[in-house]
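full-length UniProt numbering puts the first residue of the sequence shown at 1, with every later residue one more than the last.
We put the beta carbon where it would ideally sit given N, CA and C, even for glycine.
Right, one structure below, let's go through it.
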Amino acid sequence: MGLLTGKVALITGAARGIGKAIALKFADEGADIAFTDLVIDEEHGGLETEREIAAKGVKAKGYSGNAADFAETEALVNQINKDFGHIDILVNNAGITKDGLMLKMTEQQWDAVINVNLKSAFNFIHAITPIMMHERGGSIINMSSVVGVHGNAGQCNYAASKAGLIALAKSIGQEIGRRGIRANAIAPGFIDTAMTQALPEDIRKAWIQNIPLRRAGTVDDIANVATFLASDMSSYVSGQVIQVDGGMNM
Ligand code: NAI
Numbered sequence: 001m002g003l004l005t006g007k008v009a010l011i012t013g014a015a016r017g018i019g020k021a022i023a024l025k026f027a028d029e030g031a032d033i034a035f036t037d038l039v040i041d042e043e044h045g046g047l048e049t050e051r052e053i054a055a056k057g058v059k060a061k062g063y064s065g066n067a068a069d070f071a072e073t074e075a076l077v078n079q080i081n082k083d084f085g086h087i088d089i090l091v092n093n094a095g096i097t098k099d100g101l102m103l104k105m106t107e108q109q110w111d112a113v114i115n116v117n118l119k120s121a122f123n124f125i126h127a128i129t130p131i132m133m134h135e136r137g138g139s140i141i142n143m144s145s146v147v148g149v150h151g152n153a154g155q156c157n158y159a160a161s162k163a164g165l166i167a168l169a170k171s172i173g174q175e176i177g178r179r180g181i182r183a184n185a186i187a188p189g190f191i192d193t194a195m196t197q198a199l200p201e202d203i204r205k206a207w208i209q210n211i212p213l214r215r216a217g218t219v220d221d222i223a224n225v226a227t228f229l230a231s232d233m234s235s236y237v238s239g240q241v242i243q244v245d246g247g248m249n250m
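Following this line, the structure appears as structure tokens:
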């Protein structure tokens with residue numbers, strides 16, 4: 001019996017990267033997995049992810065959808081609830097960067113990042129909360145970032161969206177805690193994914209030099225904390241931000 005046996009988890013932006021690692025870890029713990037991404041097909045890896053999850057012996061289905069679209073998300077969540085019967089865990093993981101210094105940032109860069117990173121979480125929470133309230137409570141996890149806690153020059157749009165995800169978790173945690181729904185945020189630091197592998201080697205080295213544990217985080221480091229927050233192991237934890245950053249910010 002796994003930590004999440006009998007539960008259904010919905011993870012956004014999980015065709016690859018951190019979201020995929022969370023989906024696989026949740027499946028290891030016995031959860032059925034619904035996940036979304038912009039396009040679920042062979043080319044973008046979503047179907048392979050679906051097969052990898054299903055190979056663990058749980059129900060798995062990927063759904064195409066733009067998480068930033070309110071109406072589309074509502075329809076998607078209702079479809080997933082129909083397909084899986086209930087939804088117990090939501091991980092708002094879909095995210096993008098469009099970096100630039102504030103004075104050079106365009107309105108499009110600002111709007112795109114706020115819509116995909118922050119509005120998407122509102123869209124999913126708004127659609128799923130009535131389902132969780134009807135069932136037996138649930139756990140909502142917003143994927144924030146250390147820059148949402150500390151800010152970062154050149155990322156004012158991204159940092160603001162990630163700070164918003166923390167305030168969103170704390171606010172809904174206060175609103176719907178009495179219905180048995182917990183809401184928390186994870187703030188990853190420097191994690192080894194396609195996003196950070198794209199950085200020049202000297203910048204990667206400089207980042208790692210500033211991390212007390214002297215290494216980049218892995219997607220599994222994040223998935224482990226997500227599993228704790230999703231499971232009953234954290235049944236008295238709500239409204240918290242867990243920084244998973246190798247001690248970068250103490
Ligand atoms: P990634 O780029 O590998 O994965 C993000 C996924 O979200 C992609 O599959 C992408 O197609 C999907 N996505 C983008 N826009 C979408 C939309 N409108 N609707 C649905 N899906 C959409 O990124 P990674 O590294 O796995 O990051 C996952 C989350 O963790 C993001 O929210 C990111 O901001 C956050 N994070 C990552 C860190 C890192 O070092 N990699 C550090 C801190 C936070």
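{"Check": "Span separating the alpha-carbon of L47 from that of G62", "Outcome": "7 Å"}
{"Check": "Residues sharing a beta bridge with N184, DSSP", "Outcome": "I141"}
{"Check": "Spatial neighbours of A68 in its chain, beta-carbon cut-off 6 Å, leaving aside the 5 residues before and after", "Outcome": "N115, V116, K119, S120"}
{"Check": "DSSP beta-bridge partners of S64", "Outcome": "D37"}
{"Check": "Heavy atom of ligand 1 within 7 Å of S145 beta-carbon", "Outcome": "yes"}
{"Check": "Any non-hydrogen atom of ligand 1 closer than 7 Å to N117 Cβ", "Outcome": "yes"}
{"Check": "DSSP three-state assignment for residue 251, whether helix, strand or coil", "Outcome": "Past the boundaries of the shown model lies residue 251; the chain is included only from 1 to 250, so the question cannot be answered."}
{"Check": "Contact the segment 166-177 vs the segment 215-234: 3+ CB pairs below 8 Å", "Outcome": "no"}
{"Check": "For L103, the first and last residue of its enclosing beta strand (DSSP E)", "Outcome": "From DSSP, L103 is part of no beta strand (DSSP E); its letter is neither H nor E."}
{"Check": "4 or more residues per run - each alpha helix (DSSP H) lying fully within the segment 162-223", "Outcome": "194-197, 201-209"}
{"Check": "Reference Y158, options K170, L101, E43, I80, closest by Cα", "Outcome": "L101"}
{"Check": "Same chain, Cβ closer than 6 Å to T5, five either side skipped, listed in chain order", "Outcome": "G30"}
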